[in-house]
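For the sequence shown, my numbering gives the first residue as 64, with consecutive numbering after it. Note that CB positions come from ideal geometry on N, CA and C, so glycine has one too. Treat the numbers as computed from the prediction; the structure is a model and nothing was measured. Reviewing the structure listed below.
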Amino acid sequence: MIETSGQDFIQGSEAKKGPRYSHIHRELVSRIANGRYGIGTLLPTENELALEFDTSRSTVREALRPLTDLGYVERRQGMGTRVISARPQSSYFQSFDSLQELFQVAVDTYMVVLGHEPVTLDAGLAERVGGQKGETWYRLDGVRWTEPGGRPLSYIQSYVPERFASYLPEFASHQGPFFDLLERRSHEVIEETVQEIQAQVMPKEVSRMLGQPEGALSLQLMRRYRTVEGTLIASLNWHPASQMTYRMSIRRGRHGQDQI
């Protein structure tokens, strides 16, 4: 078998329609499928791929993004891009250890804000979001997509304390994590993020927006971002249960302490 370099592949693809990153994406898929990049191995770094294909890191990043969406690879901060399947998967994988990796998830996907409205917290909701019963907060609804015109990943309801009401108009045009926007604008530093995962039946409106049948099950992720002032933001993420896998690794630390 004669192997071609990335640059040879790109030159041979110039006559084909489509952006440059799509040619690189197809070549990487081919290499994974034929075993050149085996399951469990790391892909070359963005810098190495940019050099091989004679392009920019941003173009390489665009080529890698659909590999993650399709379940070929998982990308983890500080650990590189690892091959996890030789075939496309229908599920969406999330795996992260830090706020930086949560940040990257938001950057690598596309959020559409549907609107916001004030809500009065009842006892149950107050406990979940980290507020007090009777307080007025604001709920922002939106859908996170793989990319513009792609497929919906999750329906998100974000709960914002009233003290941040003046920042609400900025959410609609913001592409990136909402916690980052609020942290920068308010100068309140996140000290802790708490996550709860539950299996829940989707509300009718959520299932409709995600193209799921009425009564479909979801993997519901609630995240609360806390500062010394209290909750910065709490986000309720509804993922179709049949399309979402949440993965974590637990490592044995020093002195018998486990690390997640």
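Under the DSSP assignment, Ala228 falls outside any beta strand (DSSP E); it carries neither an H nor an E label. Excluding its 5 nearest sequence neighbours in each direction, Lys267 has C-beta neighbours in its own chain below 7 Å: Glu277, listed in chain order. By the beta-carbon neighbour count (other beta carbons within 10 angstroms, threshold 16), Leu216 is buried. Counting along the chain, no alpha helix (DSSP H) covers Asp117, and no H or E run does either. Ser281 sits close to Ala304, with the two beta carbons spaced by under 8 Å. Judged by DSSP secondary structure, Glu190 falls within the alpha helix (DSSP H) whose first and last residues are Ala186 to Val192. A Cβ-Cβ distance of about 11 Å is found for the pair Val123 and Leu130, leaving them out of contact under the 8 Å criterion. When the five nearest sequence neighbours on each side are left out, the beta carbons in the same chain lying within less than 7 Å of the beta carbon of Gly205 are those of Met174, Val175, Val176, Leu177 and Ile219, in order along the chain. For Tyr84, the enclosing alpha helix (DSSP H) stretches over residues Arg83 to Ala96.
In terms of Cβ geometry, Leu114 and Val146 do not form a close pair [threshold 8 Å]. Note that the C-beta distance between Thr290 and Val252 is below 8 Å. Within the segment 238-310, the complete beta strand (DSSP E) segments at least 3 residues long are 255-264, 280-290, 293-303 and 307-309, listed from N- to C-terminus. Contact between Tyr84 and Glu111 is ruled out by a C-beta separation of about 16 Å, above the 8 Å threshold. If you compare the alpha carbons of Phe241, Met142 and Arg247 with that of Tyr222, the shortest gap goes to Phe241.
Residues of the same chain with a CB within less than 7 Å of the CB of Glu210, apart from the 5 flanking positions on each side, are Tyr173 in chain order. Pro224 counts as buried, since at least 16 other C-beta atoms from the protein chains shown sit within 10 angstroms of its C-beta.
Judged by their CB atoms, Leu203 and Phe234 are nearer to each other than the 8 Å cut-off. With fewer than 16 other beta carbons inside 10 angstroms of its own, Ile102 counts as exposed. Taken through DSSP and simplified to helix, strand or coil, Pro151 comes out as coil.
Remark: C-beta atoms of Gly197 and Leu184 approach each other more closely than 8 Å. For the options Asp171, Thr108, Arg120 and Gly134, the alpha carbon positioned closest to that of Met142 is the one of Thr108.
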